[in-house]
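Just below is one structure, and these are the notes that go with it.
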Amino acid sequence: MHRLFALLMGILLLSSCGAPRERSAGSEELRHGTAPESLTASLQFRILEERGLARTVGIVVSNPANIPIQSVRSWVRFDPAFLTIQNLSMEDDRFTLFAPGERAIASGEGLLKIGAASREPIRDREMLLATFMVRVRSSPQHPLLSFEDWRPDGNGHTAILSLGPGGTRNILQEPSSLSL
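In this text, residue positions in the sequence shown follow my numbering: the first is 130, and each later residue adds one.
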């Protein structure tokens, strides 16, 4: 029964983080709370390998307070005029539940989209969530990878959510970008 509840909560968490929906009369929008004392987790880009203009980049979750993580939503913004992204691979097999369309590269939109939940809370201090290949085109600019739409309350497109007695809480501090 507990696993079924956790599974349903994970799916609910991922689907509730989507784009805002129109409200109908009398409906309430689901919102996540912020755990100010718990904004200790971080998402980081880490270059794992370089070969000329190609780089293998990892998305790393750092959780130094060992807060139980139930889901991670990580949308990455890039400029397709300067970068090509391919070969997205989910590296942590404990994340088995995915929001629709959120395990994909949307090159036309300039987004890499990840929305994943685990069946059981994860307390690792650090984990490699996903990897992808970036090819940099020659340009005078320094192309960037940035996490898209982070909000302290967890209602954006980038969040790390923990499910506890007080409900769902975002534990992700504002993430940084990576200049390639």
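We put the beta carbon where it would ideally sit given N, CA and C, even for glycine.
For residue i and residue j, I'd like the C-alpha separation in whole angstroms.
| i | j | result |
| --- | --- | --- |
| S288 | I188 | Looking at the sequence shown, residue 288 is not Ser but Ala. Distance between the alpha carbons of A288 and I188: 13 Å. |
| L241 | P209 | 11 Å |
| T225 | R254 | 19 Å |
| L168 | L301 | 5 Å |
| D222 | A228 | 15 Å |
| I214 | R298 | 31 Å |
| A235 | L217 | 11 Å |
| A170 | E303 | 9 Å |
| D278 | N284 | 9 Å |
| P197 | E179 | 33 Å |
| S203 | L290 | 11 Å |
| H286 | S247 | 18 Å |
| S305 | G237 | 23 Å |
| F276 | G239 | 12 Å |
| L172 | Q199 | 15 Å |
Kindly list the residues whose CB is nearer than 6 Å to the CB of residue i, restricted to its own chain and excluding five residues on each side of it in sequence; keep chain order.
| i | result |
| --- | --- |
| R184 | I176, V263 |
| A245 | V201, F224, F227 |
Could you name the residues of the same chain whose beta carbon sits closer than 8 Å to that of residue i, not counting the 5 residues immediately before and after it, in chain order?
| i | result |
| --- | --- |
| V186 | F174, R175, I176, L177, T260, F261, M262, V263, L274, L307 |
| R232 | L217, M219, K242, I243, G244, A245 |
| L309 | R184, L212, V263, V265, H271, P272, L273, L274 |
Applying the criterion that 16 or more other CB atoms from any shown protein chain within 10 Å of the CB defines a buried residue, is residue i buried or exposed?
| i | result |
| --- | --- |
| L182 | exposed |
| H271 | exposed |
| G101 | Because the chain is modelled from 130 through 309, residue 101 falls outside the range shown and cannot be assessed. |
For residue i and residue j, which I take to be in contact (beta-carbon distance under 8 Å), what is that distance rounded to the nearest angstrom?
| i | j | result |
| --- | --- | --- |
| V201 | V190 | 6 Å |
| F211 | V265 | 7 Å |
Could you name the residues of the same chain whose beta carbon sits closer than 7 Å to that of residue i, not counting the 5 residues immediately before and after it, in chain order?
| i | result |
| --- | --- |
| N195 | R252, R254 |
| G230 | K242 |
| L257 | G187, V189, E220, D221 |
| P193 | T169, R254 |
Using a Cβ-based criterion (distance less than 7 Å to any ligand heavy atom), does residue i qualify as near the ligand SAM?
| i | result |
| --- | --- |
| F174 | This structure simply doesn't include the ligand SAM, nor any ligand for that matter. |
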